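J.: Here's a structure for you.
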Amino acid sequence: MENTDKAIIFRHEPERREPSCEGFFCKGLLFSSFFLLLVIFFIFYRFFFLSGMENVPGNLGDSRLNLFIMEHWFRYFRGEADLLSPPMFFPVKHTLGYTDALFLFSLPYSLFRLAGLDMFTAYQFTLLLIHMLGLYGLFYFLLMIMGCHPFSAVLGSVIGMLSNSLYLAMHHTQLLAIGFLPILMILGVRFLQNHNEKASKRLPYGIGFILLLSALFITGFYTAWFFCLLLGLFWCVYLLVQRIFYEQKKLADLIQWSKCHFKEILFYFFVFILAMIPFFIIYLPVAVEFGPRPRWEVACMLPTPIDFLNVGKDNLVWGKLFGTYLSDLANRPYWVELLFGLPLFTFLAFILSSWALLRLCVRKKDLAAKGKGIEDANLSIYFSLCLTVLLMWFLLLRLGSKTSVWWIIYEVVPGAAAIRAVFRIQLVLGIAVGIVVAWGFSYILARVRFASQRGTMIVSISLCFFFLLVEQINLGNAFNFSKSTQLNFLSHVPNPPKGCNVFYIKPDKRKPFWELSIDALLIAQSKNLYTINGYSGLFPKGYGLININDPSFSFYLKLWIGKQKIFGKIAAYDRRENRWTQEEIRPSEIPKPILRPLKKGEFKAAITVIDPPRVFSVMEKRQIKVSVKNMSELIFTSLGDKKGRYGIKLAYQWINEKGDGLGFNNRYQLYELRPGQQKVFDVEVSAPACPGNYILEFDLVQEMVAWFREMGNQTARVPIYVLPAVGNRKN
């Protein structure tokens, strides 16, 4: 029995239902709900199951990086790897913290590997297991803890765990870490339900919550941080709701309870600090090295109002709207990080449920003033959850190019400045939305038996239920690569040359750079090698090898080898030819920075525009090939001193009809140009905003010293006519 002499901080009771054939405990209804969830889960993973488990969730980018990290944990458990230093970005150490560490994923993955499964099959089963855990965990939470109707629990579980948003985010399979959140929620509520019981009753739930949360931080940092932010915000809102609508001073009760259980709270605090030590070991050095994410990068991924409904072009119900009529949304920077909106009717169902909760809370306050009341212990919890979601949407909203209340969170809340793709919080908010919509649906179902036109109401509710499920379906394929193809590729990679335990992968224009980088990571693991290549959320400082297919790759490879002193034999793998070569880069080949101003006789270069255009349109962007030949006896390089001085770069400007230059506002790297060497550069040129006759001029500059033309060198000039905009041209 509850001790009523103590302060009640958190009252929570499942809704009471009368037992009947349509009631809460009907076995047929429960079985139908379980089966329906299984069917929807199959629809979500249809491309996986229909391919005979051949297709792998995600794509060749982040998904394979996550696989690489899980395999690294497996090798660490077997004593074959240094945990903090996966074999990438050689010879940089402590690179595990550059990306999500995926600890909780690695546990079932390692068990599947020990059972004899190949790495890709183990990866598939791990993702399925965690997603299924989250789906049925949320169903249990809604059904057994929140007391929702079974079909309402199905609806809430689908919105929270099988949403259109999560399907679109499947190429970031680390985001499936939301599957652990329902377990955290169950542990947290069970702890609160026993807050006035003996400590032994709540201790397992409290310790379990702390250990799982700390493990989640070294699994998926975004998911754990978002959950903590929302949990803190929810408690603030909940205490405020209790004060306004229920005239209960829950904050005072919380303070009183904390005083009475100070030693127990201190114990939980120390358990949490100890449990977080692995997180600090992995991520604290990285945070110190890189600092916060730049605000401009975060601003690009903050949502505008339409993004809260943006479900992408492949959504079954709303895809045509966003694929045809709102297709310009896909032309924004980082637009794929803004596809986490709610389908329209799910959004409306949430808003209507929130409105109903508000009215009930107001009504309860009025009735309480008259000495009456309505019994619903969960009402304030649901309403607080509504307000938390709405408040978070307000915090996220971007108005204009940079304005957002989110900057308060960015500056004040610990860890916020490490979050780049902020709108991913929608996946966690989706669980809250699912809970609120499940309440709304249960609220309606509880009143069906009192309706005068019961049959019509049942049909209407069934149609709404069906439609809310259907609008979560996305027709795109989120399972974009073949397991057998990957296994075949790795099995046919020959052994590297003897004596070479470090390698890099050569450029291959057939494949994007990120795919080649992760190819290198998987080869490194399969052959027990170290690779100079790497791919993650962060890159070592001074690492210029991100884009393998860029013309500058060879230059930055030599620079990296010189900086890291990787002298001796290294191997190079050619993906196209499937063969290895052995290379040795000598110190004399390492690019050296220019550390002094050039002498007047050294400002010599031949600059030529190849196939120059004659006409541009206003504001048009076009690539122009420019040839540069070093006519001096000095090696030209874009590398300067630590203050950015002395490097030599290529630039252009527009000169109008009056002979006024509009300014050299662009710089292009020369990388390295030896005496007598000639290279062709692709320079992206932007036309002026006003039409007319212009001269396009190209020149070299030694940074903070002088332009080559100022020292007597000839520039390259091309006469260009800039046409007016199409709508302003005269016939």
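For the sequence shown, the numbering used here gives the first residue as 822, with consecutive numbering after it.
Glycine is no exception: its CB is placed at the ideal position from the N, C-alpha and C atoms.
From a predicted model like this one, the values you see are computed outputs, not experimental measurements.
For the stretch 915 to 931 against the stretch 883 to 897, do three or more pairs of beta-carbon atoms, one drawn from each stretch, fall closer than 8 Å, so that the two count as touching?
T.: yes
J.: Is the Cβ-Cβ distance between histidine 992 and asparagine 880 less than 9 Å?
T.: yes
J.: Less than 6 Å between C-beta atoms, sequence neighbours within five positions excluded: which residues of the same chain meet that for glycine 1162?
T.: The residues are Asp1128, Phe1129, Leu1130, Asn1131, Val1132.
J.: So with Cβ pairs under 9 Å, would you call valine 1157 a contact of chain B?
T.: Going by chain labels, chain B is absent from the structure shown, which holds only one protein chain.
J.: Note down the Cα distance separating glutamate 1441 from phenylalanine 1042, rounded to an integer number of angstroms.
T.: 42 Å
J.: Return the chain-ordered list of same chain residues with a C-beta closer than 6 Å to the C-beta of phenylalanine 1038, the five sequence neighbours on each side being excluded.
T.: Ala1045, Phe1100
J.: Within 10 Å of its beta-carbon, does aspartate 1481 have 16 or more other beta-carbons around it, so buried, or fewer, so exposed?
T.: exposed
J.: Tell me the DSSP bridge mates of isoleucine 1431?
T.: Lys1446
J.: What is the rounded straight-line gap between the Cα of phenylalanine 856 and the Cα of leucine 956?
T.: 13 Å
J.: Which residue from Arg1435, Leu938, Asn1316, Glu1493 puts its Cα closest to that of proline 1412?
T.: Glu1493
J.: Spatial neighbours of phenylalanine 1047 within its chain, please: C-beta separation below 6 Å, excluding the five flanking residues on both sides.
T.: Ile1246, Val1249
J.: Just confirm the distance between the C-beta atoms of threonine 1536 and lysine 1304, as a whole number of angstroms; I'd bet it's less than 8 Å.
T.: Rounded, the Cβ-Cβ distance is 56 Å, inconsistent with contact.
J.: From which residue to which residue does the beta strand (DSSP E) around alanine 1472 run?
T.: 1469 to 1476
J.: With the cut-off set at 9 Å, would you say leucine 1521 and leucine 1471 are in Cβ contact?
T.: yes
J.: Tell me whether phenylalanine 1001 is buried or exposed, calling it buried when 16 or more other Cβ atoms sit within 10 Å of its Cβ.
T.: buried
J.: Excluding the 5 residues preceding and the 5 following serine 1035 in the sequence, name in chain order all residues of the same chain whose CB lies nearer than 7 Å to its CB.
T.: Phe1093, Ala1096, Met1097, Phe1100
J.: Distance check for phenylalanine 868 and tyrosine 1203, CA to CA, integer angstroms please.
T.: 36 Å
J.: Bridge partners of isoleucine 1326, per DSSP?
T.: Tyr1394
J.: Hey, could you find the ends of the beta strand (DSSP E) lysine 1500 is sitting in?
T.: 1499 to 1507
J.: If you draw a straight line from the C-alpha of tyrosine 1394 to the C-alpha of alanine 974, how long is it?
T.: 52 Å
J.: Count the other C-beta atoms from every protein chain shown that fall within 10 angstroms of the C-beta of threonine 1224, then say buried if there are 16 or more, exposed otherwise.
T.: exposed
J.: I'd like the list of long-range same chain contacts for isoleucine 1445, defined as Cβ closer than 6 Å, with 5 residues on each side in sequence excluded.
T.: Cβ neighbours of isoleucine 1445 within its own chain (closer than 6 Å, five residues either side excluded): Val1504, Val1506.
J.: For the beta strand (DSSP E) that threonine 1402 lies in, which residues bound it at each end?
T.: 1400 to 1405
J.: Please report the straight-line C-alpha distance between phenylalanine 1485 and phenylalanine 1529, rounded to a whole angstrom.
T.: 13 Å
J.: Pull up the distance between the alpha-carbon of methionine 1525 and that of asparagine 1370, whole angstroms please.
T.: Methionine 1525 and asparagine 1370 have their C-alpha atoms spaced approximately 31 Å apart.
J.: I need the straight-line Cα distance from valine 1233 to leucine 1491, nearest angstrom please.
T.: 42 Å
J.: Find the nearest neighbour of serine 1174 within the set Leu1159, Phe1424, Leu1208, Ser1312, judged by alpha-carbon distance.
T.: Leu1208
J.: Under DSSP, the alpha helix (DSSP H) around aspartate 1074 begins and ends at which residues?
T.: 1071 to 1081
J.: I think asparagine 1514 touches tyrosine 1473, with their Cβ atoms under 8 Å apart; what is that distance to the nearest whole Å?
T.: 17 Å between Cβ atoms; not a contact.
J.: Apart from the five residues on each side of it in sequence, which residues of its chain come closer than 6 Å, Cβ to Cβ, to valine 1430?
T.: Val1447, Ala1537, Val1539
J.: Examine the Cβ distances between the stretch 1358 to 1376 and the stretch 1414 to 1423 and report whether three or more of them are shorter than 8 Å.
T.: no
J.: Ignoring anything shorter than 4 residues, give me the alpha helix (DSSP H) runs that lie fully in the stretch 910 to 987, in order along the chain.
T.: 924 to 935, 940 to 961, 971 to 982
J.: Verify whether the separation of the beta carbon atoms of phenylalanine 1012 and phenylalanine 1030 is less than 9 Å.
T.: yes
J.: Measuring alpha carbon to alpha carbon, tell me which residue in Cys1081, His1082, Tyr1059, Lys1080 is nearest lysine 1071.
T.: Tyr1059
J.: Return the chain-ordered list of same chain residues with a C-beta closer than 7 Å to the C-beta of proline 1328, the five sequence neighbours on each side being excluded.
T.: Ile1369, Asn1370, Phe1374
J.: Tell me which residue opens and which closes the alpha helix (DSSP H) that glycine 1261 is part of.
T.: 1246 to 1266
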